[in-house]
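Shown next, in structure tokens, is the structure this report addresses.
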Amino acid sequence: MKMLSGAKWRYVLVLGAVAIIVIAGVLTYVYTERKEKEKTAGLILFLKGEKHNIYVDSETLQMINGSDPGGSPLLEVLMKPLYNATFADAVARKFLNEPVRGSGSVFEYHEKNDTMKRVLVDQAYTITYINDEYTSAIIPKEQVLSNETLINLSYSIIQRFRGDYSDLRVEIIQTPKLIIVNGSSGKEELIGYGGQLVVFRQYINGVPVMGFHGTVKISLGPGGVLQSYMDFTVPCENVSQRGGTVRSVRSVFQDIADGGTTLEGRDLRVVSWTLCFMTTYLPQIETKSGVDHGVAVMKYMVKLAPLRGSGVYVEYFSAY
3 MKMLSGAKWR YVLVLGAVAI IVIAGVLTYV YTERKEKEKT AGLILFLKGE
53 KHNIYVDSET LQMINGSDPG GSPLLEVLMK PLYNATFADA VARKFLNEPV
103 RGSGSVFEYH EKNDTMKRVL VDQAYTITYI NDEYTSAIIP KEQVLSNETL
153 INLSYSIIQR FRGDYSDLRV EIIQTPKLII VNGSSGKEEL IGYGGQLVVF
203 RQYINGVPVM GFHGTVKISL GPGGVLQSYM DFTVPCENVS QRGGTVRSVR
253 SVFQDIADGG TTLEGRDLRV VSWTLCFMTT YLPQIETKSG VDHGVAVMKY
303 MVKLAPLRGS GVYVEYFSAY
């Protein structure tokens, strides 16, 4: 039997390696193509514009045709006065037994005998409580709360610190797993769970508050201990008609199709959309009798994604 020389063996091995790489590349391409087809299956070309084609699924199309808010009154929310020191002091006393105020651009407090417990109140409608002792605590499996218990406990916490929660709806529940990977064997091991998170969305007159504000986030640690509480809801003083009516969501999508978005690429798909009261970190201000109030105006929130590719992008569009 004739033996191959060392040089020929190396040549054969190189060819084999190249073949494996090519096959792997083909398989990856086929897999990617299949996933792309799965993602775009059932999508409908809704609009053709100067810059983009807009695709939607049947459920979104049905929602556009049946629940278009176009023609409804254009509303705005006047918030209560911006939070001041008196308000912040009262909030701190709800969370801390003996609050000590610090210095800074926000109203910051800590427990007199326990600096691990902190409260931060910003005049632009944010309240945050953090218990640093438990922020990185691991929850054993046997102490993980059921979703029902988690929600009920969260409501009781909100009632204690905020009061009324009739304007809130549960939006997200998360119980993250904490896993370590053995470096030599690659085996994964569950070591416990991170803070259990419940996120509530604020609704005013049935319309969600989106943007920087509009949520209450509660994180619970072992035994249901409160790790953090973040209230970014807007305190509503009144809702009034701004004048005029809401434009149709179809006109919003037409603007997007004609180039009214920062996204590139010809084909875009609508992930979701909603009419909302939109706020930024520093909301629009209206001064009444010498007192500053925040204002939230109606806008359309649209989540867009490339038809082929990854990423979901949130953009806001005028509602009038």
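Per the working numbering: the sequence shown = residues 3 to 322. Just so you know, even glycine gets a beta-carbon here, dropped at the ideal spot from N, CA and C.
The Cβ-Cβ distance between Leu76 and Met300 falls below 8 Å. If you keep only unbroken alpha helix (DSSP H) runs of at least 4 residues inside the region 185 to 247, you get nothing at all. Between Gly51 and Gln229 a beta carbon distance of about 47 Å is seen, past the 8 Å cut, so the two are scored as non-contacting. Judged by their CB atoms, Tyr315 and Ala307 are nearer to each other than the 8 Å cut-off. The beta carbon of Asp124 sits closer than 6 Å to the beta carbons of Val108 from its chain, once the five residues preceding and following it are set aside; these are given in chain order.
When DSSP states are grouped into helix, strand and coil, Gln145 belongs to the helix group. Assignment of Gln176 by DSSP, reduced to helix, strand and coil, places it in the strand class. DSSP, reduced to helix, strand and coil, places Ala298 within a strand of the structure shown.
Arg249 counts as buried, since at least 16 other C-beta atoms from the protein chains shown sit within 10 angstroms of its C-beta. Within the region 94 to 144, the runs of beta strand (DSSP E) at least 3 residues long that lie entirely inside it are, in chain order, 101 to 103, 109 to 113, 116 to 124 and 128 to 133.
For the alpha helix (DSSP H) assignment, the uninterrupted runs of no fewer than 4 residues enclosed by the region 247 to 287 are, from N- to C-terminal side, 251 to 259. Secondary structure at Arg310: coil, using DSSP grouped into helix, strand and coil. Annotated as distal: Pro224 and Ile132, with beta-carbon spacing of 8 Å or more. Distance check between Glu78 and each of Tyr136, Phe48 and Asn207 places Asn207 closest, using alpha-carbon atoms only. In this structure Glu110 is buried. Its beta-carbon is surrounded by 16 or more other beta-carbon atoms within 10 angstroms. Here the alpha carbons of Val304 and Arg164 stand approximately 30 Å from one another. Glu317 carries a strand assignment under DSSP once its states are collapsed to helix, strand and coil.
In this structure, the alpha-carbon of Gln286 lies about 33 Å from that of Asp134. Counting C-beta pairs closer than 8 Å gives fewer than three between the region 272 to 287 and the region 89 to 109, which falls short of the contact rule. The beta carbon of Leu45 is closer than 8 Å to those of Tyr57, Val58, Asp59, Arg271 and Leu309 in its chain, skipping five residues each way along the sequence. Assignment of Glu52 by DSSP, reduced to helix, strand and coil, places it in the coil class.
For Ala87, the closest of Ser105, Ser74, Glu100 and Gly72 by C-alpha to C-alpha distance is Ser105. A direct Cα-to-Cα measurement between Lys189 and Val183 gives close to 6 Å.
Inclusion of Ala298 and Phe279 in the CB contact set at 8 Å is warranted, their separation being smaller than that value. Residue pairing by DSSP places Leu77 opposite Gln243 in a beta bridge.
Taking 8 Å as the cut-off, the Cβ atoms of Phe234 and Phe202 do not count as close.
Contact check for Val211 and Thr281: beta-carbon distance about 7 Å, within the 8 Å limit, so the pair qualifies. Distance from Gly72 to Val251 at the Cβ level is roughly 7 Å; contact confirmed, criterion being Cβ atoms closer than 8 Å. Judged by beta-carbon spacing, Leu199 lies beyond the 8 Å limit of Ile159, meaning their Cβ atoms are not closer than that value.
One thing to note: Lys82 has its Cβ within 8 Å of the Cβ of Pro237.
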